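Residue numbers (the working numbering), protein chains in the order written: chain A, 299 to 882; chain B, 299 to 882.
Heads up, the beta-carbon is just placed ideally off N, CA and C, and yes, glycines get one too.
Predicted model, so just to flag it, every value in this text is computed and none were measured.
Protein chains: 2
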Amino acid sequence: MYRSHNCGELRASDINTEVKLSGWVQKVRDKGFMVWVDLRDRYGITQLIFDAERTPKAIFEKAQKLGREYVIQVQGKVIERASKNPNILTGDIEILVSELTILNAALLPPFTIEDETDGGEELRMKYRYLDIRRNPVKNSLIFRHKVTQEVRNYLSKEGFIEVETPYLIKSTPEGARDFVVPSRMNEGQFYALPQSPQTFKQLLMVGGMDKYFQIVKCFRDEDLRADRQPEFTQIDCEMAFVEQEDILNAFEGLTRHLLKEINGIEVAQFPRMLYDDALRLYGNDKPDIRFGMQFGELNQVTQHKDFGVFNNAELVVGIAVPGANSYTRKEIDNLIDWVKRPQIGALGMVYCRCNEDGTYKSSVDKFYDQTDLAKWAEITQAQSGDLICVLSGETNKVRAQLSALRMVLAERLGLRNPKEFAPLWVMDFPLLEWDEETERYHAMHHPFTSPKPGQLELLKTNPGEVKANAYDLVLNGNEIGGGSIRIHDKKTQALMFDYLGFTEEESKAQFGFLMNAFEYGAPPHGGLAFGLDRLVAILGGQETIRDFIAFPKNNSGRDVMIDAPAPIDDEQLKELNLKLNLKS
Amino acid sequence: MYRSHNCGELRASDINTEVKLSGWVQKVRDKGFMVWVDLRDRYGITQLIFDAERTPKAIFEKAQKLGREYVIQVQGKVIERASKNPNILTGDIEILVSELTILNAALLPPFTIEDETDGGEELRMKYRYLDIRRNPVKNSLIFRHKVTQEVRNYLSKEGFIEVETPYLIKSTPEGARDFVVPSRMNEGQFYALPQSPQTFKQLLMVGGMDKYFQIVKCFRDEDLRADRQPEFTQIDCEMAFVEQEDILNAFEGLTRHLLKEINGIEVAQFPRMLYDDALRLYGNDKPDIRFGMQFGELNQVTQHKDFGVFNNAELVVGIAVPGANSYTRKEIDNLIDWVKRPQIGALGMVYCRCNEDGTYKSSVDKFYDQTDLAKWAEITQAQSGDLICVLSGETNKVRAQLSALRMVLAERLGLRNPKEFAPLWVMDFPLLEWDEETERYHAMHHPFTSPKPGQLELLKTNPGEVKANAYDLVLNGNEIGGGSIRIHDKKTQALMFDYLGFTEEESKAQFGFLMNAFEYGAPPHGGLAFGLDRLVAILGGQETIRDFIAFPKNNSGRDVMIDAPAPIDDEQLKELNLKLNLKS
Numbered sequence: 299m300y301r302s303h304n305c306g307e308l309r310a311s312d313i314n315t316e317v318k319l320s321g322w323v324q325k326v327r328d329k330g331f332m333v334w335v336d337l338r339d340r341y342g343i344t345q346l347i348f349d350a351e352r353t354p355k356a357i358f359e360k361a362q363k364l365g366r367e368y369v370i371q372v373q374g375k376v377i378e379r380a381s382k383n384p385n386i387l388t389g390d391i392e393i394l395v396s397e398l399t400i401l402n403a404a405l406l407p408p409f410t411i412e413d414e415t416d417g418g419e420e421l422r423m424k425y426r427y428l429d430i431r432r433n434p435v436k437n438s439l440i441f442r443h444k445v446t447q448e449v450r451n452y453l454s455k456e457g458f459i460e461v462e463t464p465y466l467i468k469s470t471p472e473g474a475r476d477f478v479v480p481s482r483m484n485e486g487q488f489y490a491l492p493q494s495p496q497t498f499k500q501l502l503m504v505g506g507m508d509k510y511f512q513i514v515k516c517f518r519d520e521d522l523r524a525d526r527q528p529e530f531t532q533i534d535c536e537m538a539f540v541e542q543e544d545i546l547n548a549f550e551g552l553t554r555h556l557l558k559e560i561n562g563i564e565v566a567q568f569p570r571m572l573y574d575d576a577l578r579l580y581g582n583d584k585p586d587i588r589f590g591m592q593f594g595e596l597n598q599v600t601q602h603k604d605f606g607v608f609n610n611a612e613l614v615v616g617i618a619v620p621g622a623n624s625y626t627r628k629e630i631d632n633l634i635d636w637v638k639r640p641q642i643g644a645l646g647m648v649y650c651r652c653n654e655d656g657t658y659k660s661s662v663d664k665f666y667d668q669t670d671l672a673k674w675a676e677i678t679q680a681q682s683g684d685l686i687c688v689l690s691g692e693t694n695k696v697r698a699q700l701s702a703l704r705m706v707l708a709e710r711l712g713l714r715n716p717k718e719f720a721p722l723w724v725m726d727f728p729l730l731e732w733d734e735e736t737e738r739y740h741a742m743h744h745p746f747t748s749p750k751p752g753q754l755e756l757l758k759t760n761p762g763e764v765k766a767n768a769y770d771l772v773l774n775g776n777e778i779g780g781g782s783i784r785i786h787d788k789k790t791q792a793l794m795f796d797y798l799g800f801t802e803e804e805s806k807a808q809f810g811f812l813m814n815a816f817e818y819g820a821p822p823h824g825g826l827a828f829g830l831d832r833l834v835a836i837l838g839g840q841e842t843i844r845d846f847i848a849f850p851k852n853n854s855g856r857d858v859m860i861d862a863p864a865p866i867d868d869e870q871l872k873e874l875n876l877k878l879n880l881k882s
Numbered sequence: 299m300y301r302s303h304n305c306g307e308l309r310a311s312d313i314n315t316e317v318k319l320s321g322w323v324q325k326v327r328d329k330g331f332m333v334w335v336d337l338r339d340r341y342g343i344t345q346l347i348f349d350a351e352r353t354p355k356a357i358f359e360k361a362q363k364l365g366r367e368y369v370i371q372v373q374g375k376v377i378e379r380a381s382k383n384p385n386i387l388t389g390d391i392e393i394l395v396s397e398l399t400i401l402n403a404a405l406l407p408p409f410t411i412e413d414e415t416d417g418g419e420e421l422r423m424k425y426r427y428l429d430i431r432r433n434p435v436k437n438s439l440i441f442r443h444k445v446t447q448e449v450r451n452y453l454s455k456e457g458f459i460e461v462e463t464p465y466l467i468k469s470t471p472e473g474a475r476d477f478v479v480p481s482r483m484n485e486g487q488f489y490a491l492p493q494s495p496q497t498f499k500q501l502l503m504v505g506g507m508d509k510y511f512q513i514v515k516c517f518r519d520e521d522l523r524a525d526r527q528p529e530f531t532q533i534d535c536e537m538a539f540v541e542q543e544d545i546l547n548a549f550e551g552l553t554r555h556l557l558k559e560i561n562g563i564e565v566a567q568f569p570r571m572l573y574d575d576a577l578r579l580y581g582n583d584k585p586d587i588r589f590g591m592q593f594g595e596l597n598q599v600t601q602h603k604d605f606g607v608f609n610n611a612e613l614v615v616g617i618a619v620p621g622a623n624s625y626t627r628k629e630i631d632n633l634i635d636w637v638k639r640p641q642i643g644a645l646g647m648v649y650c651r652c653n654e655d656g657t658y659k660s661s662v663d664k665f666y667d668q669t670d671l672a673k674w675a676e677i678t679q680a681q682s683g684d685l686i687c688v689l690s691g692e693t694n695k696v697r698a699q700l701s702a703l704r705m706v707l708a709e710r711l712g713l714r715n716p717k718e719f720a721p722l723w724v725m726d727f728p729l730l731e732w733d734e735e736t737e738r739y740h741a742m743h744h745p746f747t748s749p750k751p752g753q754l755e756l757l758k759t760n761p762g763e764v765k766a767n768a769y770d771l772v773l774n775g776n777e778i779g780g781g782s783i784r785i786h787d788k789k790t791q792a793l794m795f796d797y798l799g800f801t802e803e804e805s806k807a808q809f810g811f812l813m814n815a816f817e818y819g820a821p822p823h824g825g826l827a828f829g830l831d832r833l834v835a836i837l838g839g840q841e842t843i844r845d846f847i848a849f850p851k852n853n854s855g856r857d858v859m860i861d862a863p864a865p866i867d868d869e870q871l872k873e874l875n876l877k878l879n880l881k882s
C-alpha cells in the first residue's frame, strides 16, 4: 500500500496518527538542522518535517537531497505544526517523517509547477503532463468532469438516453471539410469522422428513441483559428414530438440547472431575441447582454446633411460608451486606429463627446449642430459623460465592426464580469446564407433545418429572407449551443437539397438513407447541441478553452507533446491502397 | 404541444381525463363498427378506440385507413376498457378518440416491428432505424445507457475523474493495425485513431490526476471476426500509487456494484485463478466457472500402454460430461465430427462411457482395462452416467480444442445460464507471447506492462516464462476487462522496447514522449479497461454485442445503412496530398 491518506486530508484531529503518504516534492526548505518538504498530490499539500534530532540520520540526509518533483513515499507521525498555515486545509499539522522512499527521481522541470508559471504556451503544451500538475489546469479538468456529470445526471433524470453513434461514417461535401479514414478492407473507399452525429440522432428519432443525448467528440478539418480545435466535444441532444418551445424549455432547464449547481447562481427565464434584432441592436448573432451599449441607427438623423460619408452609407450606427467622454484626444485616436486595423476594417470613426454641461462636441461639428447631436444622444441613449462612437458603411460590415468595438470597449471598461451570467436565446435564424465564394446559398445551420411554417414558398422568390426554426443559446457573448426543428418529411427534404444545389443523384447518394427513413414513419423532431469545451470554459469564468482540454492541439492541428501527425510506413500506405501525392 | 402524456403512462386513475397522445400505429383492428389502434412510443402501447357511433364519421374513416407505422397524433378521453389486458401497464384503459392527425404516413416496413421479427440480420441492419423500434433492440440500448450511468456515477463517487483524451493521435506499429487519418495541413503526415488511450492515461498519472476513467471509443483495423467491431467502447481506468491488489479491489467493487444495481445479484469476493491454472484446468484464459467439467490431465495413466496416439501426445486430457452416457452412438459420432471440423482441428476423440453399474466402456478398450478407465474417471471427476471425452496432441492446441468442446457441451446441457454470474480474476499472465508469424516475442498485454518483481532478469534467458503484473476480469467465460501495473521508469521501459525488438530510434520516435515523461517524476501506476460492448451484453444476459450497439458495422466493416465507407472526391484526395494506388 502506497499511502494511508492523501495529501489533502489530514487535520488537527489526526495528530499522533501514524500515516503513510505518497506524492510529489513541491518544495524543499533546508535550514541545516531542519528540513521541510511540501508533499503534493491531486488533493492538496501536506508539510513533511525532517529534524536533525528526531529523524534518523540517513533519512535526514536523504531528505536534504530531494529535488523538486521527485516522487516519494513517507511514513511518519502527524504532529501539530509550530507555525500554522491558515491558507491550506492541512495547515494545522505536519508529518514527522520516520521513513522515506524515493519512488522516482525527477529531472528539473522545464517550467515551474506553480499556479503562475514561467512556462510559455508551446513549452507547456510539449510537457502537458507537467502542466496538468499545476492547479489551474488540473482544476479545469476536474471542473469539466463535474459539469459533464451534472449534464448526464440531469438529462438522464429527464428521460434522455445516451446513445453512442458511430465515428466511422461517410463523407459529405456539405458544410466544413471532413477528416477521412481510408478503409483497408474496402479498397479505394474512405470513412469520414463525424462533424456531428446529426443524421444519426435524427435516425434515432425515426427509431423511436424519443429523447436522445450524447457527449461526443466531433471533427472538422478546418483551417484553425485561435481557440478552435480539429476535435471538439458536443453535448448533442434530440427530441421527438416537439415544437421549438419544448426544446427551448428542455435545454433552458439544463442550462439553468448547471448555473445553479456549478456556479450557485439562480437565473430567471432566459430572455429571447430575434436574430434580426440581435443584428440590429448588437451587430452580431451572439450578443453579450451583460451590459448595454446597444446600437442606435442614425441614418435618419445624419443623412441629407452635407456629410457625404454618412450620406453615401447604407448604415450609420453608433454606440454610447459610458463615461468615455473622459478619454483624451489621444485615447480616441487610438480607438480610431483600432477600428481601422485590417482585422476590423473600418474606414474611420466619427465620435461625439457628451459633455457634463449638456453640450456636445463631435468630430463632425462642421456638418452637425447641437440639435442634431442631441438626436444622436437620444437614439444611442447616451448620457452626459459618455462618448458616442459612430461607424458607417455597408450594413453587414459596419455592424461587425461596431460590434467588435463594443466588445473591446466593454472589456476595457470592466463590463464583462466572468462571474456574471447572462444567457439569451437568439431565434428565427435565416434558413440560408449567401456564400460569396461559391456564389450560392448555403444552409446557415445545416440542410436538415426546417423553414418557418408557410415560408417554404419564399424559397423560390426570396431565399435569403426565409427564416428557419433555428435557435442559438448565447451566454455572455458566446454561442454555447444551437439547434433547430428538423425537416421530417421526404418531400421537403428533397426540396431543400434541390435549393442547396444538390442534384437528385447527389442527395440520394449522400443522404438517401435519411430520406428513405423519412418514408417509414418519421416523427416531428428537433434538437440542440452544446459546444462542451466552450460551455465549460465560460462556466469556469474563462473564455479560452485550452485549459479545459487535457491534450489540446496547437493552431496547426499538431499535438506537440506526442508529435502528431507524423509520417507512416510505406507498408501501411500500401495496405491502404494509397500513394503520397506531395506538392513539394 | 404534441402530447400531454406518453403511450406508457395512463392508468385507471386517469379515466375521464382529456389527453393528447402521439406515436406509431402498431396495429389496427377494424371490426367495421369499431376500430382499435395500438399506439406505440418508447414508453409503451396505449389502445385507441374509434367507434362508429361515438366518433365523428370523418375521423372514423380516417382511422380505418391507418397503416402500420404511421405516425399520428390523437386527442380523446381516457375511458375504461371493456376487456382489460393485464399484460401491459395501460391495459385497464383506452382512449376514445375525438381528433386524429396523421403526422407522417409510412411505407410498409420491410420486416415486422415485433419482438420476434421476420427480418434477417442484413435487412435489419440496412433499416436499423426500424430495427431500433423493436423492443429487444430499444431495450438493449436503454440498458446500455443505464449501465454507463451506473459506471460513471460509481467511479465519480470513488474519486475518479473522467478526462477526454484525443482521438487524433499518432500511429504506432506495435499491436493491431491503426486506422489512420491523413492530415491536410501537415503534408504527407497522418494521425491515427487510438486503439486505446493507453499512453495518455499514463501521462495523466504522471500529471498527477491520480484516478482517471473514460468511457471512450477505440479503433482497430483488424480483419473482423463475428462479433468484433472496428470501433468499440472501453471503460478505461488508471490509478496512481497503487499495487495490483488496489486495482483488483477498486474494479471488483465496480463490477459488484453493477451486478447488484443492474442485475439485483449480490456476489461475494471474486475468486482468483493463476493464468497457468486457468489453462491447465479449463484450457483457456477466460474460463466459464458457472459449471465444472474441469480438465483432467491423463498422461500418467494413459501413456506407456500400447496406444500410440496417446503415447506420442504431449498432452492427453479429458473432461467428464455430466449425464452424457445417455448419448447414442450417433450423438457421440457427431461430437467426434464436431471436434474434427477445421475450426476446431482435433484429429479424433477418445471417449469412455461411465455406466450406472460402475463399469466403463471406452472407444479404446483394446488398450485400457477397467482399472485404467477408473483412473480416468477419478482424474476427470466423472460420475456414473457421465461421458468422458479425451483429446490428445500438442498442449496448446489440444487445450483449445477441449475448451471449445467443453463450452459447446455446456451450452447444449443448459449449464450456461445467462442469469447466473460467475466473475473471476485471472492473474499473472505471461509478459510476452511468441508470434509464429514474425518469429519473435510480442508483448502479450502491451509493452507498458511491468514484469513481476525480480523477473526482469529472466527476460534474457527464458523470456517466455516471465510473468507480468497483468490480470483479466472474466465473467461467464468472457474477458470483460484486463489491465496491468505499468512500468514507470525510463530504464525498464527502454529495456522492454529493446526486448520487443525496437531499435533505440524507433522507441524514441514512437514513445519518446512517454519515456521523457517518466524522467520528470512518474508515480507507480496501473489500471484496467473494460470492454463496454461485451460487458453490457453479458449483464443483459446475451453473448452477442450487436443489439447493444445502436449502429453496428457488418463483418466487412461496412455500415450497410449509410453505405460507408465510400469513395471520396478527387478534389478531397488532392487536398490530402494522396493518390489511390489500387491493386485491382
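* **Sequence-distant residues of the same chain with beta carbon closer than 7 Å to A/ARG352, five excluded per side** => Here residue 352 of chain A corresponds to residue number 54 of the first sequence, with the count starting at 1. Cβ neighbours of A/ARG352 beyond the five flanking positions: LEU394.
* A/GLY799 versus A/PHE816 - alpha carbon distance -> Taking the first sequence and counting its residues from 1, the one referred to as residue 799 of chain A is at position 501. Taking the first sequence and counting its residues from 1, the one referred to as residue 816 of chain A is at position 518. When rounded, the distance between both Cα atoms is 21 Å.
* Asked: Could you give the distance in angstroms between the alpha-carbon of A/LEU645 and the alpha-carbon of A/ASN632?
  -> Indexing the first sequence from 1 puts residue 645 of chain A at position 347. Indexing the first sequence from 1 puts residue 632 of chain A at position 334. So the two alpha carbons sit approximately 14 Å from each other.
* **Presumed contact (8 Å Cβ cut-off) between B/PRO728 and B/LYS765, rounded CB distance** => Taking the second sequence and counting its residues from 1, the one referred to as residue 728 of chain B is at position 430. Taking the second sequence and counting its residues from 1, the one referred to as residue 765 of chain B is at position 467. In this structure B/PRO728 is in contact with B/LYS765, their Cβ atoms being roughly 6 Å apart against a cut-off of 8 Å.
* Asked: For B/ILE630, which residues from the same chain have a beta carbon less than 7 Å from its beta carbon, with the 5 sequence-adjacent residues on both sides left out?
  -> Walking along the second sequence from the start, residue 630 of chain B turns up at place 332. Excluding residues within five positions, the ones whose Cβ falls inside 7 Å are TYR649.
* Can you round the beta-carbon distance between A/VAL724 and A/LYS584 to whole angstroms, since I take them to be within the 8 Å contact cut? -> On the first sequence, residue 724 of chain A is found 426 positions in, with the first residue counted as 1. On the first sequence, residue 584 of chain A is found 286 positions in, with the first residue counted as 1. Contact between A/VAL724 and A/LYS584 holds, since their C-beta atoms are separated by about 7 Å, short of 8 Å.
* **Close Cβ partners of B/ARG570 (< 7 Å) along its chain, the five nearest in sequence each way excluded** => As a working note, residue 570 of chain B is residue 272 in the second sequence. Same-chain partners within the cutoff: TRP723, MET725.
* Asked: I think B/GLN493 touches B/PHE517, with their Cβ atoms under 8 Å apart; what is that distance to the nearest whole Å?
  -> Stepping through the second sequence from its first residue, residue 493 of chain B is reached at position 195. Stepping through the second sequence from its first residue, residue 517 of chain B is reached at position 219. Indeed they touch by this definition, with Cβ atoms about 6 Å apart.
* Asked: Taking just the CA atoms, how far does B/ASP845 sit from B/LEU837?
  -> Residue 837 of chain B sits at position 539 when you count from the first residue of the second sequence. Residue 845 of chain B sits at position 547 when you count from the first residue of the second sequence. Between B/LEU837 and B/ASP845, the alpha-carbon positions lie close to 13 Å from each other.
* **Presumed contact (8 Å Cβ cut-off) between A/LEU337 and A/GLY321, rounded CB distance** => The residue given as residue 337 of chain A occupies position 39 in the first sequence. The residue given as residue 321 of chain A occupies position 23 in the first sequence. Confirmed, about 4 Å.
* Could you say which of A/LYS325, A/ASN776, A/GLY780, A/LEU713 lies nearest to A/ASN767 if we only look at CA atoms? => Position 469 of the first sequence holds residue 767 of chain A. Residue A/GLY780 is the option with its Cα nearest to A/ASN767.
* To do: Write down every uninterrupted run of the alpha helix (DSSP H) in the stretch 469-515 of chain B whose length is 4 residues or greater and which is fully enclosed by it, in chain order.
  => As for any alpha helix (DSSP H) of minimum length 4 sitting wholly inside the stretch 469-515 of chain B, the runs are 496-504, ordered along the chain.
* Indicate whether at least one CB of chain B lies closer than 8 Å to the CB of A/SER340. => Taking the first sequence and counting its residues from 1, the one referred to as residue 340 of chain A is at position 42. Checking the displayed sequence, the identity of residue 340 of chain A turns out to be Arg instead of Ser. Taking 8 Å as the threshold, the shortest C-beta distance from A/ARG340 to chain B falls below it.
* Asked: Under 9 Å Cβ-Cβ, which residues of chain A neighbour B/GLY825?
  -> Indexing the second sequence from 1 puts residue 825 of chain B at position 527. Under the 9 Å cutoff, chain A gives no residues; its nearest Cβ is about 15 Å from B/GLY825.
* C-alpha gap between B/VAL565 and B/LEU546, whole angstroms -> Taking the first residue of the second sequence as position 1, residue 565 of chain B is located at position 267. Taking the first residue of the second sequence as position 1, residue 546 of chain B is located at position 248. Going from the Cα of B/VAL565 to the Cα of B/LEU546 covers about 15 Å.
* Helix, strand or coil at A/GLU536 according to DSSP, with G and I counted as helix -> Looking up residue 536 of chain A in the first sequence gives position 238. Of the three classes helix, strand and coil, the one that applies to A/GLU536 here is strand, per DSSP.
* Asked: How big is the Cα-Cα spacing for B/LEU830 and A/SER469?
  -> Taking the second sequence and counting its residues from 1, one reaches residue 830 of chain B at position 532. Taking the first sequence and counting its residues from 1, one reaches residue 469 of chain A at position 171. Rounded to whole angstroms, B/LEU830 to A/SER469 spans 27 Å at the Cα level.
* **9 Å Cβ cut-off: residues of chain B touching A/ILE778** => If you number the first sequence from 1, residue 778 of chain A lands on position 480. In chain order: nothing, as chain B lies at least about 18 Å away.
* Asked: To the nearest angstrom, how far is it from the Cα of A/PHE608 to the Cα of A/ASP733?
  -> If you number the first sequence from 1, residue 608 of chain A lands on position 310. If you number the first sequence from 1, residue 733 of chain A lands on position 435. Spanning the two alpha carbons is a distance of roughly 28 Å.
* For B/LEU730, the first and last residue of its enclosing beta strand (DSSP E) -> Indexing the second sequence from 1 puts residue 730 of chain B at position 432. Unbroken beta strand (DSSP E) run through B/LEU730: 730-733.
* Does the beta-carbon of B/GLN668 have 16 or more other beta-carbons within 10 angstroms, so that it is buried, or is it exposed? -> Mapped onto the second sequence, residue 668 of chain B falls at position 370. Flag for B/GLN668 reads exposed.
* Counting only the same chain and skipping the five closest in sequence on each side, list residues whose C-beta sits under 6 Å from that of B/ILE357. => Within the second sequence, residue 357 of chain B is the residue found at index 59, counting from 1. Correct list, in chain order: LEU398.
* The alpha helix (DSSP H) enclosing B/ILE830, as first and last residue numbers -> Taking the second sequence and counting its residues from 1, the one referred to as residue 830 of chain B is at position 532. According to the sequence shown, residue 830 of chain B is Leu rather than Ile. According to the DSSP assignment, B/LEU830 belongs to the alpha helix (DSSP H) that extends over 830-837.
* **Partners in chain B for A/ILE266, counting only beta-carbon separations shorter than 8 Å** => This structure leaves residue 266 of chain A out entirely; chain A is present only between 299 and 882.
* Asked: Hey, is A/LEU491's beta-carbon within less than 8 Å of any beta-carbon in chain B?
  -> Walking along the first sequence from the start, residue 491 of chain A turns up at place 193. A/LEU491 counts as touching chain B.
* Asked: How do the stretch 522-535 of chain B and the stretch 805-814 of chain B stand: do at least 3 beta-carbon pairs fall below 8 Å, yes or no?
  -> Because the criterion of three Cβ pairs below 8 Å is not met, the stretch 522-535 of chain B and the stretch 805-814 of chain B do not touch.
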